[in-house]
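Trainee: Quick one: the structure is below, and I'll ask about it shortly.
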Amino acid sequence: MAESASGSADKSVQVKLVLLGEAAVGKSSVVLRFVSNEFQANKEPTIGAAFLTQKCRLEDRVLRYEIWDTAGQERFHSLAPMYYRNAQAAVVVYDVTKASSLEKAKSWVKELQRQANPNIVIALAGNKVDLVLPSPSTSGTGSSSESEDEADDATATPGETPGADGQPESLRQVPREEAQAYASEAGLLFFETSAKTGEGVVEIFTEIAKKIPIEHILASTRGGAGRPGAAGARPGARQEGVNLEENPAKSKDACNC
Amino acid sequence: MSTISTQLRHFKEPTKDELTEIFFSVPPAALNAPQSGSATPSETLPGEEQLEKMEINAVLSMGVQGQEDSYAGKLYLLPPYLAFASLDRKSVRFTIPLSTIRRVERLNARAGIYALSLGLWHDQKIIVQLTSLRPSADAFCALLRNALKAELQRGQMKAVKSFVKTCYSEALVPDESSVGDNEREDGSLISEEKAGAPPRETTYHGGLGLKYKFPGDPKKLREASKIKLWTTYLRSHGRNLTLLRYPQCTRLVQVGLPNRLRGEMWETLSGSLYLRLANPGVYEQTLAQNTGRVTTSTEDIEKDLHRSLPEYAGYQNEEGIGALRRVLQAYSFKNPELGYCQAMNILAAAILIYMSEEQAFWLLGVLCDRLLPGYYSQSMHGTLLDQRVFESLVQRCLPMIHDHFQTVDVQLSVASLPWFLSLFINSMPMVFAFRIVDCFFCMGPKVLFQVGCAILKINGEKLLQIQDDGGFLNLMRDYFASLGESAHPTSADPRARAITRFQELLLVSFREFATITDESILSERRRFRADIIHSIESFSKRSAVRNLKSLERFSKDQAGMIYDALYKAMFLEPPPAMPAPPPAALFTTSGENEERPETRIGLRTFQCFLSEIATWARDETIILNGFQQRVDRTIAEHEFIDRLYFFWDTSCRGALSFQDLVSGLDGVMFNDLMENIEWFFNLHDKNKDGFLSKDEVLTLSESFLFIFRYEIGDAYLGAVSRFMTNAFEYGDALQPQHEDGEKSADGEKPPPSGSNTPYLNLATFRMVVLADEVLESFFETDLSASFRLEPVPDLELSASNNGLLGDIWSNIATADNKKFFNRFTDGIGKTIGKHQVIHRPSIGRYTNLEEPKAHESLLTPAMRSSPSKSSLRTEATASSTTLVSPSDPTPPSPPPKIPASSSEFSSLPMVQAANAALMERTPFAIDDAGDDDDTDEDSEDEEEDDDQVLDEVDAFLEENDSGLTAADKQVANDLLHAKPVK
Ligand SMILES: Nc1nc2c(ncn2[C@@H]2O[C@H](COP(=O)(O)OP(=O)(O)OP(=O)(O)O)[C@@H](O)[C@H]2O)c(=O)[nH]1
Ligand SMILES: [Mg+2]
């Protein structure tokens with residue numbers, strides 16, 4: 001699925017995106033779902049970082065995400081700056097069944113806001129919602145009707161806490177409202193996702209795409225002024241010229257090109 | 001939440017002895033002592049510790065003529081091991097436990113030649129000719145004899161017999177010529193169970209691969225041929241504990257170990273075999289002693305168990321998962337400071353395919369503790385350091401690629417970090433990664449750097465085209481995926497076509513990057529270590545500051561300075577048992593996943609910390625001796641400081657966190673007059689009832705005296721004495737009112753004389769303080785200003801970054817030597833009458849001798865003239881005797897600095913020379929590597945197949961210089977026929 005850098009130079013805009021979050025919250029799985037629309041029950045932990053690319057169509061424009069999926073264990077923390085430098089977007093992932101992972105996510109957000117590219121667009125993703133009952137407000141927009149869901153459900157996850165179907169709500173440790181409140185306070189995009197079912201995954205990347213100051217990136221890359229995002233901030237450029245598709249389902253189709 | 005560790009500061013470069021141990025894969029001296037489970041120190045024999053090491057020049061010959069050349073080199077006695085390395089340190093070497101030596105004879109040869117014949121466990125005979133002077137040779141033999149005796153007493157000779165049975169090679173090489181098992185040369189008998197000599201017990205250890213298959217196609221891997229070649233080699237050159245490593249051994253490793261033998265060869269080559277021999281049962285005990293224990297590490301391990309080589313059948317069921325869990329947990333219990341790091345799961349999973357849990361446990365230990373030093377530590381400093389070293393090697397060996405990476409701003413380590421961390425296992429197809437691991441265990445960690453450079457070199461042209469990190473990673477991924485393909489698909493020569501890209505990779509690694517040696521890596525590490533430590537530390541500082549719940553009113557820079565002071569204090573006065581994980585008891589009950597506990601400091605560290613910041617928390621003496629002027633600083637101890645410590649411990653943990661210190665300092669550094677008075681009052685109001693008791697008033701006065709102890713003149717002393725007089729007068733005066741008046745609500749009517757009862761409230765205290773000009777100005781500005789945030793000068797690193805000369809300098813410029821130097825100059829100063837010691841004042845405002853007057857308006861004359869409490873006055877003056885009144889309080893200028901570092905010493909010239917030599921080599925010729933991957937021809941003659949493996953082996957053949965002249969060889973040859981001395 002990965003495409004080489006050549007050939008896509010013309011119309012596409014490159015966006016460097018980094019995934020951060022505690023170990024085993026499902027960063028790599030979210031990326032795999034986005035890039036290949038697959039789910040692997042036992043994904044090896046990421047050592048250092050993994051790199052993947054995926055194109056995403058937004059109106060007439062093609063975004064090419066360069067995704068850096070980082071290692072989650074605390075001691076890899078000091079390596080993270082190597083991967084988030086020059087990133088235009090970040091997805092900070094936590095696990096809705098694990099309260100401590102939200103705390104770690106918050107500290108990542110704090111670090112990004114202070115250390116990373118000042119224009120960085122940050123999304124907060126509460127992953128593994130398939131393990132908790134869908135609350136009425138959370139109903140996934142159409143993505144839960146995908147055909148391969150059956151196959152995914154069949155692949156049992158041995159390491160997973162059993163009884164996901166027994167008392168699902170008890171597994172949730174982070175209420176949606178709490179994370180949502182934090183996200184709006186910190187100015188983040190917010191989604192609850194499931195790499196397993198695909199719920200919410202594509203939406204993150206689409207919403208980020210809408211929020212990225214594309215014109216600005218284009219200007220800075222065309223001008224040959226080094227790497228995208230490295231140039232100075234132009235806050236005014238954020239909204240201009242990006243006419244966004246509002247129907248997530250449609251964007252989603254465009255994304256899995 | 002932040003953890004602060006000064007551990008990196010304690011790093012020491014390996015000593016020469018340690019380097020020898022590492023080279024010969026001998027367990028560190030500390031681990032050699034037998035570790036029986038309930039090991040009490042008294043169990044070890046008294047003489048054991050005194051066994052001496054010695055090295056001596058020697059020529060090694062195999063006991064069978066014509067089998068191998070003789071090699072000159074060095075023989076090392078490293079009790080309980082005997083080791084040898086040829087002069088080039090790579091052609092020939094061995095490490096054998098003394099307990100495997102069955103017979104030692106002095107050979108009767110030509111005059112002047114001193115030779116020993118050693119009979120080893122596996123019936124090999126080796127001859128070592130000691131070529132040093134006679135007295136050295138005699139000394140060596142004496143030491144060897146003692147060491148052998150000690151081993152015999154420890155019963156190790158006996159242990160060998162059962163131990164070798166756990167090795168697969170014993171099953172591989174039938175032991176036809178079985179020597180009487182219970183007889184020893186020195187006449188002693190090994191007592192043993194006289195089992196009816198069962199033909200062959202298949203008790204050898206093995207990995208999951210025996211049951212779940214080994215990765216790769218055995219045909220394609222030519223397992224049968226490899227096994228055959230190894231069987232031949234092991235029959236004649238010893239095996240497991242007694243393996244002699246001749247050039248052929250290295251070459252056979254380079255073509256890939258056969259799967260069944262792989263585990264054992266890994267532990268033999270890495271030396272983990274010796275750990276397993278020396279520590280029987282320790283693995284099981286470690287697990288048993290920690291059953292049910294839950295730590296951060298065990299939780300992290302649990303997350304990754306199902307994520308370790310999940311595609312391998314053995315890890316799709318509880319058997320493999322359980323083994324993996326036990327091995328990783330046991331290691332984390334053995335080394336709690338390191339615990340568990342992601343990537344270790346990959347290594348452990350990989351080695352468990354080839355070896356038993358116990359074998360894997362010891363091998364993992366050697367990997368994490370020795371071969372990949374610091375890679376998996378909390379700070380991962382070893383990983384970062386070796387990435388820096390790798391980058392520097394690339395810069396030197398492949399300058400064009402390095403420059404291009406600089407130009408397009410690509411970071412080498414985005415790709416190379418996982419190579420090193422997981423030994424290529426999750427970068428390449430496993431069959432290839434394991435072959436690199438084979439070489440890694442055989443030839444040492446330099447292999448990783450050599451292979452890394454070769455990967456870049458082979459892909460050089462394409463690398464010069466890439467524009468960003470992503471392009472780099474994609475290129476690498478494609479390359480690794482193609483390793484099984486032909487390196488020269490279009491070549492006319494079928495033999496060249498048969499060469500795979502992987503074979504090409506190894507050839508380039510070992511031929512073209514032979515200049516990357518253990519030594520060059522060591523010296524590069526030395527060069528960059530300080531940089532790396534510094535960057536890790538500044539990173540943790542930034543995160544610690546960022547993770548503060550509140551900066552209070554400090555700027556980030558100021559908080560950084562508080563951190564620096566804390567860090568320095570922790571370095572000088574390490575908090576007890578802190579960054580090490582807490583005992584299990586803390587965790588067993590809490591199901592909550594707790595991160596590493598926040599670092600907290602104890603009182604000693606706090607005193608040290610405060611002395612960095614508060615002028616009165618240190619004793620500073622300015623010393624003038626005619627040669628130098630310097631300030632000696634020591635940490636002050638006083639109840640006042642203890643009081644502050646408990647005052648700042650707002651969460652009552654008995655220890656302070658970084659946040660506590662920041663908040664505590666905030667509570668005093670930004671205060672105005674009234675706030676300061678209140679702060680000082682509260683600090684002394686222990687029970688927080690809003691009143692100071694009489695005792696507390698006294699303590700508070702003592703605090704004043706402590707703070708003012710070095711002030712010049714009588715002004716402060718006078719102020720304190722007036723304060724006491726007034727405080728007690730007011731206190732007494734107010735006492736009746738207090739008793740019948742508004743405050744009687746507390747029911748208890750304390751007798752006025754009670755020393756522990758409420759006595760002085762804040763308002764009164766304030767009034768007394770404001771009545772005095774000196775105290776007023778102290779609370780107005782001086783108290784807050786006595787806390788100073790200043791940049792802390794960088795600590796000396798215990799490991800110097802300046803190479804050899806730097807080492808010498810840092811040895812000279814130790815704190816001790818400075819002290820000595822100072823004492824020396826002081827002595828001279830005294831004799832020439834120029835020695836002067838001045839205590840530096842903490843406040844230093846009122847330096848004149850006349851007493852400032854108290855504010856008249858605030859106190860009634862009657863109160864002031866009251867002669868009461870004269871006893872207190874005398875106490876106060878008594879304290880004044882400790883004050884030094886210098887005649888000339890010149891403000892001190894900064895003391896002259898002793899030069900602490902030398903100019904940079906560079907190891908470059910040697911490397912450059914080596915590099916130049918590299919450039920002159922003829923380009924790598926592919927034709928001399930033969931291989932045949934045509935697996936369809938099953939019927940192929942076995943002999944021929946073996947030859948083909950050997951062809952490949954020959955591709956690795958390097959000239960081995962035995963370091964001997966023809967005459968020397970003749971002597972060595974003669975020794976084969978020499979008779980033992982009677
Ligand atoms: N039920 C469920 N399991 C998931 C989901 N996402 C990931 N997982 C599982 O959680 C585990 C960890 O997933 P990874 O994607 O490897 O996690 P990671 O964040 O990349 O972990 P590190 O690389 O170690 O930082 C795997 O066993 C996944 O199968 C999800 O949405 N639902
Ligand atoms: Mg991952």
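Residue numbers (the UniProt record's numbering), protein chains in the order written: chain Z, 1 to 257; chain Y, 1 to 982.
Backbone N, C-alpha and C fix where the C-beta goes; we use that ideal spot for every residue, glycine too.
Buried or exposed for residue 453 of chain Y, please, with buried defined as at least 16 other CB atoms from any protein chain shown within 10 angstroms of its CB.
Mentor: So residue 453 of chain Y counts as buried.
Trainee: From residue 3 of chain Y to residue 293 of chain Y, what does the alpha carbon distance come to, in whole angstroms?
Mentor: Straight-line Cα distance between these residues: approximately 22 Å.
Trainee: Scan the segment 128 to 170 of chain Y and note each continuous alpha helix (DSSP H) run of 4 residues or more that stays entirely inside, going in chain order.
Mentor: The qualifying runs are 134 to 153 and 156 to 164.
Trainee: How is the alpha helix (DSSP H) around residue 57 of chain Z delimited, first residue to last?
Mentor: Unbroken run through residue 57 of chain Z is the beta strand (DSSP E), 49 to 58; no alpha helix (DSSP H).
Trainee: Nearest by alpha-carbon distance to residue 498 of chain Y: which of Y/526, Y/485, Y/320 and Y/341 is it?
Mentor: Looking at the Cα atoms, Y/485 is the closest of the given residues.
Trainee: Using a Cβ cut-off of 8 Å (strictly closer), state whether residue 220 of chain Y contacts chain Z.
Mentor: Chain Z, which has no Cβ nearer than 8 Å to the Cβ of residue 220 of chain Y, makes this no.
Trainee: Check whether the Cβ of residue 54 of chain Z sits closer than 7 Å to any heavy atom of ligand 1, and report yes or no.
Mentor: Checking the Cβ of residue 54 of chain Z against ligand 1 gives no.
Trainee: Using only alpha-carbon positions, find the residue among Y/785, Y/379 and Y/90 that is nearest to residue 7 of chain Y.
Mentor: Selected option, being the one with the closest Cα: Y/379.
Trainee: Residues in its own chain within less than 6 Å of residue 864 of chain Y by CB, not counting five upstream and five downstream?
Mentor: In this prediction, residue 864 of chain Y has a pLDDT of 42, which is less than 50 and means its spatial position is unreliable; what the coordinates show is noted afterwards. Answer for residue 864 of chain Y: no residue qualifies.
Trainee: Under the assumption that residue 243 of chain Y contacts residue 94 of chain Y (Cβ atoms under 8 Å), give the Cβ distance between them as a whole number of angstroms.
Mentor: Contact holds; Cβ gap of about 7 Å.
Trainee: Can you give the Cα-Cα distance for residue 569 of chain Y and residue 101 of chain Z, rounded to whole angstroms?
Mentor: For residue 569 of chain Y and residue 101 of chain Z, the distance between alpha carbons rounds to 32 Å.
Trainee: Comparing the CB of residue 46 of chain Z with every heavy atom of ligand 2, is any distance shorter than 7 Å?
Mentor: Residue 46 of chain Z Cβ: within cutoff of ligand 2.
Trainee: Would you identify the three-state DSSP class for residue 418 of chain Y, choosing helix, strand or coil?
Mentor: Helix, per DSSP.
Trainee: Using CA atoms only, rank isn't needed, just tell me which of Y/604, Y/256, Y/217 and Y/324 is closest to residue 638 of chain Y.
Mentor: Of Y/604, Y/256, Y/217 and Y/324, the residue nearest in Cα terms is Y/604.
Trainee: When every heavy atom of ligand 2 is checked, does at least one fall within less than 7 Å of the C-beta of residue 72 of chain Z?
Mentor: Because some heavy atom of ligand 2 lies under 7 Å away, the Cβ of residue 72 of chain Z counts as near it: yes.
Trainee: Quick check on this structure: which residue in Y/422, Y/521, Y/327 and Y/331 has the alpha carbon closest to the alpha carbon of residue 392 of chain Y?
Mentor: When only C-alpha atoms are compared, the closest one is Y/521.
Trainee: Starting from the beta carbon of residue 539 of chain Y, find every residue of chain Z whose beta carbon is closer than 7 Å, and list them in chain order.
Mentor: Residues of chain Z passing the Cβ test: 78.
Trainee: Taking C-alpha atoms, which residue in Y/697, Y/464, Y/133 and Y/157 lies nearest to residue 409 of chain Y?
Mentor: Among Y/697, Y/464, Y/133 and Y/157, the Cα nearest to that of residue 409 of chain Y is on Y/464.
Trainee: Do you know whose CA, among Y/627, Y/688 and Y/27, lies nearest residue 828 of chain Y's CA?
Mentor: When only C-alpha atoms are compared, the closest one is Y/627.
Trainee: For residue 265 of chain Y and residue 471 of chain Y, I'd like the C-alpha separation in whole angstroms.
Mentor: About 38 Å.
Trainee: May I ask which residues mark the beginning and end of the alpha helix (DSSP H) holding residue 259 of chain Z?
Mentor: Summary: the structure shown does not reach residue 259 of chain Z, with chain Z confined to residues 1 through 257, and so no result is reported for it.
Trainee: Report whether the distance from the Cβ of residue 95 of chain Z to the nearest heavy atom of ligand 2 is below 7 Å.
Mentor: No, Cβ of residue 95 of chain Z sits at least 7 Å from all heavy atoms of ligand 2.
Trainee: I'd like the span of the alpha helix (DSSP H) that includes residue 528 of chain Y, first residue to last.
Mentor: Unbroken alpha helix (DSSP H) run through residue 528 of chain Y: 518 to 546.
Trainee: Looking at residue 322 of chain Y: is its Cβ nearer than 8 Å to the Cβ of residue 332 of chain Y?
Mentor: No. Outside cutoff.
Trainee: Please name the residue in Z/119, Z/76, Z/196 and Z/177 whose C-alpha comes closest to that of residue 46 of chain Z.
Mentor: Comparing Cα-Cα distances from residue 46 of chain Z to each of Z/119, Z/76, Z/196 and Z/177, the minimum goes to Z/76.
Trainee: Give, in chain order, every residue of the segment 403 to 430 of chain Y whose Cβ lies closer than 8 Å to some Cβ of chain Z.
Mentor: If the cut-off is 8 Å between Cβ atoms, the segment 403 to 430 of chain Y has 409, 411, 413, 414, 417, 418, 421, 422 and 426 near chain Z.
Trainee: Below 7 Å, is the gap between the Cβ of residue 404 of chain Y and the nearest heavy atom of ligand 1?
Mentor: No.
Trainee: Say whether the segment 52 to 64 of chain Z touches the segment 13 to 24 of chain Z, bearing in mind that this needs 3 or more beta-carbon pairs closer than 8 Å, one atom from each stretch.
Mentor: Contact holds: three or more Cβ-Cβ distances are below 8 Å.
Trainee: Quick check on residue 81 of chain Z: does DSSP put it in helix, strand or coil?
Mentor: Of the three classes helix, strand and coil, the one that applies to residue 81 of chain Z here is helix, per DSSP.
Trainee: For residue 414 of chain Y, I'd like the list of residues in its chain whose CB is within less than 8 Å of its CB, leaving aside the five on either flank, ordered along the chain.
Mentor: These residues qualify, in order along the chain: 469, 472 and 473.
Trainee: Measuring CB atoms only, is the segment 80 to 90 of chain Y touching the segment 208 to 223 of chain Y, in the sense that at least three cross pairs come out at less than 8 Å?
Mentor: Too few Cβ pairs lie closer than 8 Å, so no.
Trainee: Assuming residue 18 of chain Z and residue 84 of chain Z form a contact by the criterion Cβ under 8 Å, report the distance between their Cβ atoms to the nearest whole angstrom.
Mentor: The pair is a contact, with the Cβ atoms about 5 Å apart (cut-off 8 Å).
Trainee: Mind checking the segment 99 to 113 of chain Z against chain Y and listing, in chain order, the residues whose C-beta falls within less than 7 Å of any C-beta there?
Mentor: Against chain Y - using a Cβ distance shorter than 7 Å - the residues of the segment 99 to 113 of chain Z are 100, 107, 110 and 111.
Trainee: Chain Z beta carbons: is any one of them nearer than 8 Å to that of residue 534 of chain Y?
Mentor: No, its Cβ sits nowhere closer than 8 Å to a Cβ of chain Z.
Trainee: In this structure, does DSSP put residue 968 of chain Y in helix, strand or coil?
Mentor: Residue 968 of chain Y falls in the helix class under three-state DSSP.
Trainee: Answer with buried or exposed for residue 400 of chain Y, where buried requires no fewer than 16 other C-beta atoms within 10 angstroms of its C-beta.
Mentor: When all chains shown are included, residue 400 of chain Y counts as exposed.
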